[in-house]
Structure formats: C-alpha cells, structure tokens
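Peer 1: Residue numbers (my numbering): 1168 to 1303.
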C-alpha cells in the first residue's frame, strides 16, 4: 500500500513538473515537438558519429546534454519576452526555428560522418530554413 502511494505521488509530481515545463516553453505545439525531435536526433547522431570516428567521450556527451538543455532555457526566455511584450509568439518562433535549423544542419553533418546519405530535398529544406533565419 505504501509503495502505491509513493508511486502515485511520484506520478503527480512528474505530471506537475512536466506541465510547468511545457508552459514555460510556450506549450506543446508543433514547433516545440519538432525542436525536441531535432535536439534528440542531433544528440543521438552525434554520439553515433563519435563512435564511428572512435572519439566517443562521456565528458563531451555530458557537455552536449547541457548545451541541449540550454537551448530550452533560451526558448523559455523567448516565451517570456513574448508574454512581456504582448507579441504573439514572435520571439519564441524565431528562436525555435533558429535552433531547428542549427540542429538539422548538425544532424546532416553527423549522418555524413556515419556514411549515411541524406536526400538532397531534405538538405535544401534545412538550408532554406537557415537562410530564412538570416533574413529575419
């Protein structure tokens, strides 16, 4: 009985923290979903590329995770700026698209290091996203 109580309490705490985090990040919309996908994919492909190149390092991996967490801190800051200025997710959208393009380019580089071909249309789409970011 006590274990069930502890597990239930843990679920409530986890749900509350998750809700607070998603709220801080501006909601669980398509932009955030794509960013999470790209960040996770970049980390995984980075680890695989490092393994292929025989330079896998736990210290580098830990720093990589911290950098990924900082990306979400910047998204939270941009979300706060939007709320403060009354803009309709302008800063958040720009920040998320910036990081999606950066992470996308990194994924392509990592795949290349692993010898995985990347469709030209995908490369072009990410490069266009990156170019759009420069014009913003």
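Note that the Cβ used here is the ideal one computed from N, Cα and C, for glycine as well.
These figures come from a predicted structure and were not determined experimentally.
#1: How far does the alpha helix (DSSP H) with residue 1218 in it extend, from its first residue to its last?
#2: Just list the alpha helix (DSSP H) runs in the segment 1244-1283, keeping only unbroken ones of 4 residues or longer that don't cross its boundaries, in chain order.
#3: Cα-Cα, which of 1227, 1187, 1219, 1267 is closest to residue 1243?
#4: Would a C-beta distance cut-off of 8 Å place residue 1259 and residue 1240 closer than the cut-off?
#5: Considering Cα atoms alone, identify which of 1225, 1277, 1263 is closest to residue 1326.
#6: From residue 1234 to residue 1224, what distance separates their C-alpha atoms?
#7: For residue 1252, does the count of other Cβ atoms within 10 angstroms reach 16, so buried, or fall short, so exposed?
#8: Under the rule that 16 or more other beta-carbon atoms within 10 Å means buried, what is residue 1176, buried or exposed?
Peer 2: With the structure as the only source:
#1: 1197-1219
#2: 1257-1280
#3: 1187
#4: no
#5: A query on residue 1326 cannot be resolved here, the shown segment of the chain reaching from 1168 to 1303 and no further.
#6: 15 Å
#7: exposed
#8: exposed
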